[in-house]
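At the far end of the sequence shown sits residue 311, using UniProt numbering, and the numbering has no gaps.
We put the CB at the ideal spot given by N, CA and C, even for glycine.
All of these numbers come straight from a predicted model, not from anything done at the bench.
Please read the structure below before turning to the comments.
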Amino acid sequence: MTHTNKFITSKDISIVGAPFSGGQPQGGVEHGPLRLVEFGLNKQLEELGYKVDYEANHDLESLKPAHDPVFQNLKNPKFVSAVTKKLAGQIEERAKQNKFVLTLGGDHSVALATVSGIFAAYPDACLIWVDAHADINTPEATESGNIHGCPLSFLTGLSTSHPDFAWVKPVLKTGRLAYIGLRDVDDEEKKILKDNNIKALSMHHVDKWGIGKCVDICLDHINPNRDLPIHLSFDVDALDPSVAPSTGTPVRGGLSFREGHYICESLAETGLLVAVDIMEVNPALESEESVFSTVQVGCSLARCCFGESLL
1 MTHTNKFITS KDISIVGAPF SGGQPQGGVE HGPLRLVEFG LNKQLEELGY
51 KVDYEANHDL ESLKPAHDPV FQNLKNPKFV SAVTKKLAGQ IEERAKQNKF
101 VLTLGGDHSV ALATVSGIFA AYPDACLIWV DAHADINTPE ATESGNIHGC
151 PLSFLTGLST SHPDFAWVKP VLKTGRLAYI GLRDVDDEEK KILKDNNIKA
201 LSMHHVDKWG IGKCVDICLD HINPNRDLPI HLSFDVDALD PSVAPSTGTP
251 VRGGLSFREG HYICESLAET GLLVAVDIME VNPALESEES VFSTVQVGCS
301 LARCCFGESL L
């Protein structure tokens with residue numbers, strides 16, 4: 001069952017590979033996109049009636065500078081900036097060609113590219129961020145220095161002082177951002193979320209209200225008339241490690257298999273979804289069996305975003 005999309009008239013999906021691990025310390029996450037494609041994701045989406053093109057972007061490593069010291073607490077700032085700037089241009093171009101953009105990560109620093117690119121094409125879009133982590137640390141506040149924990153601070157304009165990310169425009173208003181599945185949030189981030197009145201639903205809220213009501217609450221806040229484009233950025237670590245074990249920063253007590261899929265299904269049903277990121281699948285972590293189940297769930301989440309449903 002496919003739903004009429006209110007913004008995209010074509011049946012074209014542009015899969016953008018973002019095989020990049022520079023936003024965090026663990027190698028392997030750069031192999032996530034290829035594993036999802038090798039598992040047959042393109043064919044699965046074609047079977048749902050879409051025309052799919054895939055850009056692997058295997059050459060991102062060539063953008064790595066010879067010298068990239070820690071600056072303003074951030075690790076690999078020049079590398080992360082160069083890669084995300086390149087991908088942002090590509091994603092913007094595909095979105096403006098009236099294609100649905102599905103970005104496969106890579107670590108979540110790649111959201112600097114996806115949100116920049118999609119919001120350049122759809123300036124009034126809103127963002128649903130499904131993640132165990134809020135990823136809204138400022139360079140001053142980050143304890144780890146890993147940029148995958150910081151993209152939303154740049155995209156919302158809360159961070160503006162880092163010269164390597166001067167190209168990132170504050171395209172995302174805090175009133176257009178909502179979170180589902182949070183369970184590992186730094187103190188400084190908690191303050192940012194409260195001070196900016198950002199709709200942030202943790203696993204406590206999912207337990208209290210159920211996933212259906214949580215999705216409705218987020219949409220009521222960021223898209224009250226259900227007339228704005230929706231960008232979904234889904235970090236597989238939002239899922240419980242029993243569901244998606246092969247990810248860099250797993251935290252117990254996450255979304256169940258069905259809760260994760262419900263989010264994708266219900267957003268597909270709105271007919272407003274224009275872009276999806278599936279992030280942080282890391283085939284180098286855990287056993288081959290764990291990798292298989294994580295890749296399988298990544299593909300399955302993507303299919304739900306394109307209208308695959310239980311009945």
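Burial state of residue 129, where buried means 16 or more other Cβ atoms lie within 10 Å = Here residue 129 corresponds to residue number 129 of the sequence shown, with the count starting at 1. Classification for residue 129: buried.
message = Can you tell me whether residue 96 is buried or exposed? The criterion is at least 16 other CB atoms within 10 Å of its CB, across all chains shown.
response = To locate residue 96, count along the sequence shown from 1; it is residue 96. It is exposed - the Cβ of residue 96 has fewer than 16 other Cβ atoms within 10 Å.
query = Which residue's Cα is closest to the Cα of residue 87: 105, 250, 252, 99?
reply = Locating residue 87 in the sequence shown gives position 87, counting from the first residue. It is 105 whose Cα lies nearest to the Cα of residue 87.
query = Measuring CB to CB, does residue 306 end up less than 7 Å from residue 48?
reply = Translated into positions along the sequence shown, residue 306 becomes position 306. Translated into positions along the sequence shown, residue 48 becomes position 48. Taking the C-beta atoms as reference points, residue 48 is found nearer than 7 Å to residue 306.
task = Ignore the nearest five residues each way along the sequence and tell me which others in residue 22's own chain have a CB closer than 6 Å to its CB.
result = In the sequence shown, the residue the question calls residue 22 occupies position 22. In the same chain as residue 22, and ignoring 5 residues on each side of it, the C-beta atoms closer than 6 Å to its own belong to 76, 79, 80, in chain order.
inquiry  = Tell me the rounded alpha-carbon separation between residue 299 and residue 67.
reply    = Position 299 of the sequence shown holds residue 299. Position 67 of the sequence shown holds residue 67. C-alpha separation (whole angstroms): 36 Å.
query = In chain order, what residues of the same chain lie with their CB nearer than 6 Å to the CB of residue 51, ignoring the 5 residues before and after it?
reply = In the sequence shown, counting from the first residue as 1, residue 51 sits at position 51. Excluding sequence neighbours, residue 51 sits near 11, 12.
inquiry  = I need the DSSP call for residue 36, collapsed to helix, strand or coil.
reply    = Indexing the sequence shown from 1 puts residue 36 at position 36. Helix, per DSSP.
ask   = Looking at the structure shown, is residue 262 part of a helix, part of a strand, or coil, going by DSSP?
value = Within the sequence shown, the letter at position 262 stands for residue 262. Residue 262 falls in the helix class under three-state DSSP.
key: Cβ-Cβ separation, residue 296 to residue 39 (assumed contact under 8 Å), whole Å   = Start at 1 with the first residue of the sequence shown, and residue 39 comes out as number 39. Start at 1 with the first residue of the sequence shown, and residue 296 comes out as number 296. The C-beta distance from residue 39 to residue 296 rounds to 7 Å, short enough to fall under 8 Å.
CA-to-CA distance, residue 25 to residue 58, given in whole angstroms = One-based indexing of the sequence shown puts residue 58 at position 58. One-based indexing of the sequence shown puts residue 25 at position 25. If you take the alpha carbons of residue 58 and residue 25, they lie about 19 Å apart.
query = Would you say residue 113 and residue 91 are within 7 Å of each other, going by their C-beta atoms?
reply = One-based indexing of the sequence shown puts residue 113 at position 113. One-based indexing of the sequence shown puts residue 91 at position 91. Taking 7 Å as the cut-off, the beta carbon of residue 113 is found closer than this to the beta carbon of residue 91.
key: Whether residue 139 touches residue 157 by CB criterion (7 Å)   = Your numbering for residue 139 matches position 139 in the sequence shown. Your numbering for residue 157 matches position 157 in the sequence shown. In this structure, residue 139 lies away from residue 157, with their beta-carbon atoms at least 7 Å apart.
ask   = DSSP puts residue 54 in a beta bridge; with which residues?
value = Within the sequence shown, the letter at position 54 stands for residue 54. Paired residues: 15.
request  = Can you have a look at residue 225 and say buried or exposed, based on whether 16 or more other CB atoms are within 10 angstroms of its CB?
outcome  = Translated into positions along the sequence shown, residue 225 becomes position 225. In the assembly as shown, residue 225 is an exposed residue. Its beta-carbon has fewer than 16 other beta-carbons within 10 Å.
request  = Using alpha carbons as the reference points, say which of 27, 29, 43 lies closest to residue 15.
outcome  = One-based indexing of the sequence shown puts residue 15 at position 15. By alpha-carbon distance to residue 15, the top candidate from 27, 29, 43 is 43.
request  = Locate the alpha helix (DSSP H) running through residue 110, then write down its first and last residues.
outcome  = Along the sequence shown, read from residue 1 onward, the residue named residue 110 stands at position 110. Premise fails: residue 110 is in no alpha helix (DSSP H) and is neither H nor E.
key: Three-way DSSP call (helix, strand, coil) for residue 311 in this model   = What you label residue 311 is simply residue 311 of the sequence shown in a count that begins at 1. For residue 311, the three-state secondary structure derived from DSSP is coil.
inquiry  = I believe residue 172 touches residue 230 by the beta-carbon criterion, under 8 Å. Please report the beta-carbon distance rounded to the nearest angstrom.
reply    = Position 172 of the sequence shown, counted from the start, is the residue given in the question as residue 172. Position 230 of the sequence shown, counted from the start, is the residue given in the question as residue 230. Your pair residue 172 and residue 230 does not check out as a contact, with CB atoms roughly 13 Å apart and the cut at 8 Å.
key: Option nearest residue 153 by Cα separation, candidates 144, 168, 241   = For the purposes of this step, residue 153 is identified with residue 153 of the sequence shown, where counting begins at 1. For residue 153, the closest alpha carbon among the candidates 144, 168, 241 is that of 168.
query = Is the stretch 209-217 touching the stretch 227-242 in the sense that three or more CB pairs, one from each, lie closer than 8 Å?
reply = Because the criterion of three Cβ pairs below 8 Å is not met, the stretch 227-242 and the stretch 209-217 do not touch.
task = Closer than 7 Å by C-beta to residue 202: which residues in its own chain qualify, once you throw out the five before and the five after it? Chain order, please.
result = For the purposes of this step, residue 202 is taken as residue 202 along the sequence shown, with counting starting at 1. Cβ contact annotation for residue 202 (same chain, cutoff 7 Å, sequence separation greater than five): 182, 183, in chain order.
key: Continuous beta strand (DSSP E) stretch holding residue 128: start and end   = Counting from 1 along the sequence shown, the entry for residue 128 is found at position 128. It spans 126-130 - the beta strand (DSSP E) in which residue 128 sits, taken as one unbroken run.
ask   = In angstroms, rounded to a whole number, what distance separates the CA positions of residue 55 and residue 17?
value = The residue labelled residue 55 in the question sits at position 55 within the sequence shown. The residue labelled residue 17 in the question sits at position 17 within the sequence shown. Approximately 6 Å, taken between the alpha carbons.
inquiry  = Runs of 3 residues minimum, wholly inside the stretch 230-295: which ones carry the beta strand (DSSP E) assignment?
reply    = Whole beta strand (DSSP E) segments, 3+ residues: 230-235, 273-279.
key: Beta-carbon proximity check, residue 214 vs residue 205, cutoff 7 Å   = To locate residue 214, count along the sequence shown from 1; it is residue 214. To locate residue 205, count along the sequence shown from 1; it is residue 205. Yes. Within cutoff.
query = For residue 200, which of helix, strand or coil comes out of DSSP?
reply = Position 200 of the sequence shown, counted from the start, is the residue given in the question as residue 200. Three-state DSSP puts residue 200 in a strand.
key: Same chain, Cβ closer than 6 Å to residue 82, five either side skipped, listed in chain order   = As a first step, residue 82 is located in the sequence shown; it is residue number 82 there, counting from the start. Once the five neighbours on either side are set aside, the close Cβ partners of residue 82 are 63.
request  = Look up residue 29 in the DSSP assignment and say whether it is helix, strand or coil.
outcome  = Taking the sequence shown and counting its residues from 1, the one referred to as residue 29 is at position 29. DSSP places residue 29 in helix when its eight states are reduced to three.
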